[in-house]
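In what follows, a structure is listed as structure tokens, so that the remarks can point back to it.
Residue numbers (our numbering), protein chains in the order written: chain A, 6 to 189; chain B, 6 to 189; chain C, 6 to 189.
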């Protein structure tokens, strides 16, 4: 299985997708992959999300995972439909332990030094920085990253096409989550 | 016993009260209830707080609870004087477990996705968003609420009479904590 | 052993030092002590940090401790070279318990009410507020300190010579961490 670190280096922008209609999923995924967005995060914010993931996974070149995964039961549901990675808005011990045990690439959200240290205690050092802009933007991530040279971050939340490059210019930011990329 | 959700829907503004003098408590509570503020949060920031709660509870129509409750010992003290609900600036497992076990309506503070997820793991989905303005204001709550459609929030801290309406316009904000309402 | 509270009252500015070269450590420490900075925080951000601490500790009047300590193994390393205090960017239970057990003055970082309450549960009430400016600055610390009258804070991160006085004017801020003081 691919590591979360390798996954974060495939494409600089990971589209964060909220998709209601599974019938439109394949077409959307094909369009995104054609634009170079191979890693696709389908959030569990719609009842159709699991089905959408399965549809998108049929598209050549797409690496489809789940976002907004907030507990171990949702993690199991995502594993059962073949999610390739799992993203969470935050970091809790029960979910992190279940994800680590399953072996799936796991990207939990952090917003403070305590969050990051809890992650490191569990063996994690790749994190989503969420909500990126509302939690203080680039100055906040710079301050938080400074004591944690071993960590890499995928800032997500409030980033736009216009601001993505500033985030990606940071050494410890291989990719950003982009909610602006597609809405369907 | 009333649920925390019902309690949050009684009045849009919950006065957050710091009261030193129990002799003035009833008069204050009557004035607030007359203005439509039935739910009154008495913070444990003064030595007189427990007595103040007991005095205020004698006022017809007042639903009096405790704020700034930070551990299980304080929770027990509040229960012993008949507090109708309990508010905490943050969320810790020991306090949350004690509050849930007691059955009292409980509103713990959150400021990050990890806080919210820890609350959800414990079975909680009604939260204080604290400190509301200093933690990023409305953009921060919007970003934090997005992945947690099941949650409702009572933003508190830095909200004013002038800004309360903007917060209350959010679907997931049935009420706000108002420290501006009364000082005594 | 000195308490963390006493330590926070020795000098209003604690230099936060990132030092690569142990050969320069004593001279730097002497210069800082001469300016009244007796409490020196050497961050574990360089491979030489432990050696730097040992060199600095030889300087008369210097009280040398470790910063950026993020787990119990690093704490033990710092204890083994005679660190007089330990600072962490965040607060986790394993590190806090190890620090408390060792008896060393310990200043963990907090950025939210939940962080502070977790610290209080462990018996701690002296905290680093980190990252001070990026986490919301003085308004954020004011809001966070209000429910926790028993706590004192050492804000660190983004504070400058020009802004230190504003932070130190707060009753609950006996000292600030200063990364601006020295770079070597």
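All C-beta atoms, glycine included, are put in the ideal place defined by N, C-alpha and C.
Residue i, enclosing alpha helix (DSSP H) - first and last residue
i: residue 60 of chain B; result: 54 to 62
i: residue 124 of chain C; result: 118 to 126
i: residue 98 of chain C; result: 98 to 107
i: residue 141 of chain B; result: Element bounds for residue 141 of chain B: n/a, residue is neither H nor E.
With 16 other Cβ atoms within 10 Å as the buried cut-off, status of residue i
i: residue 6 of chain C; result: exposed
i: residue 11 of chain C; result: exposed
i: residue 133 of chain A; result: buried
i: residue 176 of chain B; result: exposed
i: residue 85 of chain B; result: exposed
i: residue 46 of chain C; result: buried
i: residue 108 of chain A; result: exposed
i: residue 183 of chain A; result: buried
i: residue 52 of chain B; result: exposed
i: residue 144 of chain A; result: exposed
i: residue 70 of chain A; result: buried
i: residue 26 of chain C; result: exposed
i: residue 120 of chain A; result: buried
i: residue 155 of chain B; result: exposed
i: residue 161 of chain B; result: buried
i: residue 131 of chain C; result: buried
i: residue 43 of chain C; result: buried
i: residue 60 of chain B; result: buried
i: residue 105 of chain A; result: exposed
i: residue 114 of chain C; result: buried
Simplified DSSP state of residue i, which is helix, strand or coil
i: residue 35 of chain A; result: helix
i: residue 16 of chain B; result: coil
i: residue 175 of chain A; result: coil
i: residue 93 of chain A; result: strand
i: residue 164 of chain B; result: coil
i: residue 80 of chain A; result: helix
i: residue 66 of chain C; result: coil
i: residue 41 of chain A; result: coil
i: residue 149 of chain B; result: helix
i: residue 71 of chain A; result: strand
Start-to-end residues for the beta strand (DSSP E) that takes in residue i
i: residue 160 of chain B; result: 157 to 160
i: residue 133 of chain A; result: 131 to 134
i: residue 114 of chain A; result: 111 to 115
i: residue 181 of chain C; result: 181 to 183
What residues from the stretch 130 to 145 of chain B come within 8 angstroms of chain C, judged by C-beta to C-beta, listed N to C? Taking a C-beta cut-off of 8 angstroms against chain C, the contacting residues of the stretch 130 to 145 of chain B are 135, 136, 138, 139, 140, 141, listed in chain order.
Which residues of the stretch 82 to 97 of chain A have a Cβ closer than 7 angstroms to any Cβ of chain C? Give them in chain order. Of all residues in the stretch 82 to 97 of chain A, none has a Cβ within less than 7 angstroms of some Cβ in chain C.
Members of the stretch 156 to 183 of chain C near chain B, C-beta cut-off 7 angstroms: Within the stretch 156 to 183 of chain C, no residue has its Cβ closer than 7 angstroms to any Cβ of chain B.
Given a limit of 7 angstroms on CB to CB distance, which residues of the stretch 65 to 79 of chain B reach chain A? Cβ contacts with chain A come from no residue of the stretch 65 to 79 of chain B.
Relative to chain D, which residues along the stretch 110 to 127 of chain C have a C-beta separation below 9 angstroms, given in chain order? Among the chains of the structure shown, chain D does not appear; the protein chains present are A, B and C.
Which residues of the stretch 46 to 61 of chain C have a Cβ closer than 9 angstroms to any Cβ of chain A? Give them in chain order. Those residues of the stretch 46 to 61 of chain C placed with their C-beta closer than 9 angstroms to a C-beta in chain A are 48, 49, 50, ordered along the chain.
Just by C-beta distance, which residues in the stretch 13 to 44 of chain B are closer than 9 angstroms to chain C? Those residues of the stretch 13 to 44 of chain B that come within reach of chain C (Cβ to Cβ, closer than 9 angstroms) do not exist; the list is empty.
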